[in-house]
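S.K.:
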Amino acid sequence: MVSLECLGDVKNADFKFLDGVTDQHTVKLSPTIDPPFTGAHWQVMDNLDGTYSLASAGNKWGYRYLDGRTQDGFVQLIGDTLPPYTGTRWQID
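Each residue of the sequence shown is one higher than the one before, counting from 1 in my numbering.
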């Protein structure tokens, strides 16, 4: 499990960690990785092709996989990593 902390130039303690809100299919920035922000823990899965998929470990039932839509800049949580959801594959540098 990992947590993802935003390192933006403007520091605001209320908006730091990527948090998957699994029951709402959304992501947001939360102040901490401690409860109740259980979606701020992420499982990293190796796709064995140089890419990774990220699944939120939030304790509420719902969608878990981080999906970035490059056509419109939208980020969401979805239910699986199968096509047409190509935005579930991430490169980690």
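Quick reminder that beta carbons are idealized off the backbone N, C-alpha and C, glycines included.
Below 8 angstroms on the Cβ atoms is my guess for S53 versus T88; work out the distance and round it to an integer in Å.
M.R.: Translated into positions along the sequence shown, residue 53 becomes position 53. Translated into positions along the sequence shown, residue 88 becomes position 88. The pair is a contact, with the Cβ atoms about 5 angstroms apart (cut-off 8 angstroms).
S.K.: What's the C-alpha gap between Q71 and D14?
M.R.: Counting from 1 along the sequence shown, the entry for residue 71 is found at position 71. Counting from 1 along the sequence shown, the entry for residue 14 is found at position 14. The straight-line gap from Cα to Cα measures roughly 29 angstroms.
S.K.: Only counting runs of 3 or more residues, tell me where the beta strand (DSSP E) segments fall wholly within the segment 31–78, in order along the chain.
M.R.: Complete beta strand (DSSP E) runs here, min 3: 42–46, 52–56, 65–69, 74–78.
S.K.: What number of angstroms, rounded off, separates the C-alpha of D23 from the C-alpha of L77?
M.R.: In the sequence shown, counting from the first residue as 1, residue 23 sits at position 23. In the sequence shown, counting from the first residue as 1, residue 77 sits at position 77. Their backbone Cα atoms lie some 9 angstroms apart in a straight line.
S.K.: Alpha carbon to alpha carbon, how far is T26 from G73? Give it in angstroms, no decimals.
M.R.: Position 73 of the sequence shown, counted from the start, is the residue given in the question as residue 73. Position 26 of the sequence shown, counted from the start, is the residue given in the question as residue 26. Each residue's alpha carbon lies about 14 angstroms from the other.
S.K.: For G79, I'd like the list of residues in its chain whose CB is within less than 8 angstroms of its CB, leaving aside the five on either flank, ordered along the chain.
M.R.: Residue mapping note: residue 79 aligns to position 79 of the sequence shown, counting from 1. Contacts found: Y63, R64, Y65.
S.K.: If I measure Cβ to Cβ from D46 and keep anything under 8 angstroms in the same chain, skipping five residues before and after, which residues do I get?
M.R.: As a working mapping, residue 46 is identified with position 46 in the sequence shown. Cβ within range, chain order: Y52.
S.K.: CB-CB under 7 angstroms to N59, same chain, minus the five flanking residues each way: which ones, in chain order?
M.R.: By one-based count along the sequence shown, residue 59 stands at place 59. Closer than 7 angstroms at the Cβ level, and outside the excluded window around N59, lie T38.
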